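Position 265 of the sequence shown, counting from 1, maps to 531 under the working numbering, and the rest follow consecutively. A short worksheet on the structure shown next.
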Amino acid sequence: MPTSRRDFLHTAGALAAAGFLPRSLPAMPSVPSPVSPDFRGRPCVVASANGLRGVKVAYDRIVAGEDPLDGIIAGVNIQELDPEDQSVGLGGLPNAEGVVTLDASCMHGPTRRAGAVACIEDIATPSLVAKAVMDYTDHVLLVGPQARRFAIEMGFTPQNLLTEKSRQDWLRWRARLNPNDMYLDYDGTVKIKFHTGTINMNAVTANGDIASVTTTSGMAWKVPGRVGDSPIIGAGQYCDNTVGAAGSTGRGEANIKACGAFLAVEFMRQGLGPEEALLRVMQRVIAMTEDRLLGPNGRPRFDLQFYALTKDGRFAGATAYEGASFAVCDEQGPRLVKCAYLFKESERPR
Ligand code: ASP
Numbered sequence: 267m268p269t270s271r272r273d274f275l276h277t278a279g280a281l282a283a284a285g286f287l288p289r290s291l292p293a294m295p296s297v298p299s300p301v302s303p304d305f306r307g308r309p310c311v312v313a314s315a316n317g318l319r320g321v322k323v324a325y326d327r328i329v330a331g332e333d334p335l336d337g338i339i340a341g342v343n344i345q346e347l348d349p350e351d352q353s354v355g356l357g358g359l360p361n362a363e364g365v366v367t368l369d370a371s372c373m374h375g376p377t378r379r380a381g382a383v384a385c386i387e388d389i390a391t392p393s394l395v396a397k398a399v400m401d402y403t404d405h406v407l408l409v410g411p412q413a414r415r416f417a418i419e420m421g422f423t424p425q426n427l428l429t430e431k432s433r434q435d436w437l438r439w440r441a442r443l444n445p446n447d448m449y450l451d452y453d454g455t456v457k458i459k460f461h462t463g464t465i466n467m468n469a470v471t472a473n474g475d476i477a478s479v480t481t482t483s484g485m486a487w488k489v490p491g492r493v494g495d496s497p498i499i500g501a502g503q504y505c506d507n508t509v510g511a512a513g514s515t516g517r518g519e520a521n522i523k524a525c526g527a528f529l530a531v532e533f534m535r536q537g538l539g540p541e542e543a544l545l546r547v548m549q550r551v552i553a554m555t556e557d558r559l560l561g562p563n564g565r566p567r568f569d570l571q572f573y574a575l576t577k578d579g580r581f582a583g584a585t586a587y588e589g590a591s592f593a594v595c596d597e598q599g600p601r602l603v604k605c606a607y608l609f610k611e612s613e614r615p616r
């Protein structure tokens, strides 16, 4: 029987009262995959490199029969609740005014549903709020103060997310603030050095059910109100239960214009392997990049990584420059794997 909103509020409220945060939401009724019900593949979880601990948690859960989205959300919750990870959740680097605002989105392949929150404050696990939007509303994306209010109504506990370390980093940034830090010069030149970081995680189960999630505190020192690619379905993450999943970390502004996660899944649908699909997405991103963010050699001045897996358990990570890694867990256990790349580090514009 489907979980009612009243049941949810009761359960989540009890969880919130009992501890720190609602660590899990009541399970939705499982819906069989609409495609290939007899499919037998290999379970696999891929994530950004900061998901090394999380991919193991997610993999163990999906192998034990848990829903793939619940599994990967448990995986990303580790980083969201880790104050040392300054790219996501508790301890995330704040915006220009010293306020931590978070973005997250998720997709559930078997039921073809999606949920997201953007620019939400005070809730450490926006991935779970995104899933609550998916599970308990008729909408896909809630933003700002209303997303926070929704989360509290659903039983999440608000808390201060700005750790002392992140506050000190913000103070140091602010002390060095100059007119080039947030807004573009009138002549279009840009000398912005932003910190980025995020966690994206994607999973496929043995019977080919797929899910994806991305959660972030976004670009550090961003203009208040800025939303990146992470909560944008088709940019920060995307999954299609008939094909695979993809997601990204890095400069969201560059990815949004290419709809990178959607494009990766579409390339895989056309028959490309995950690595070639992601490299083609990187090429599209560069083709869509404005001149001010390209060096004289046409190479990008920013970092952006993509991760993907297919319904039959193949996976890849890719980026513009050599050297990045991503996390994977399959029957060989959790490990970091090198991303495919387009350019040598020496080709990066200085
Ligand atoms: N993609 C995130 C954003 O643009 C940030 C990041 O991954 O570093 O908000």
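Backbone N, C-alpha and C define an ideal beta-carbon position, used for all residues, glycine too. The structure displayed is predicted, hence computed values, not measured ones.
- Measuring C-alpha to C-alpha distances from M485 to each of L408, G510, Y402 and A362 identifies A362 as the nearest.
- Between G357 and T423, the gap from beta carbon to beta carbon reaches 7 Å or more.
- Within the model, the alpha-carbon separation for L545 versus K397 is close to 29 Å.
- By the Cβ rule, the region 522-538 does not count as touching the region 402-412, because fewer than three pairs are nearer than 8 Å.
- Inclusion of V321 and C595 in the CB contact set at 7 Å is warranted, their separation being smaller than that value.
- Apart from sequence neighbours up to five positions away, the residues of its chain that approach A315 with a beta-carbon distance below 8 Å are A590, S591, F592, A593 and L602, ordered along the chain.
- Taking 4 residues as the minimum length, the region 342-368 contains no alpha helix (DSSP H) run wholly inside it.
- Burial check for K577: the Cβ neighbour count within 10 Å reaches 16 or more, so the residue is buried.
- At a Cβ-Cβ threshold of 7 Å, A441 and L407 do not count as neighbours.
- Contact between Y607 and A586 holds: CB atoms are separated by about 7 Å, below the 8 Å threshold.
- The ligand ASP never approaches D435 closely enough for any of its heavy atoms to be under 6 Å from the residue's Cβ.
- For A593, the beta-bridge partners assigned by DSSP are A313 and L602.
- The region 464-472 and the region 342-354 touch, with no fewer than 3 CB-CB distances between them shorter than 8 Å.
- For V493, the number of other beta carbons within 10 angstroms of its own is at least 16, and it is reported as buried.
- For D404, the distance from the CB to the nearest heavy atom of the ligand ASP is not below 6 Å.
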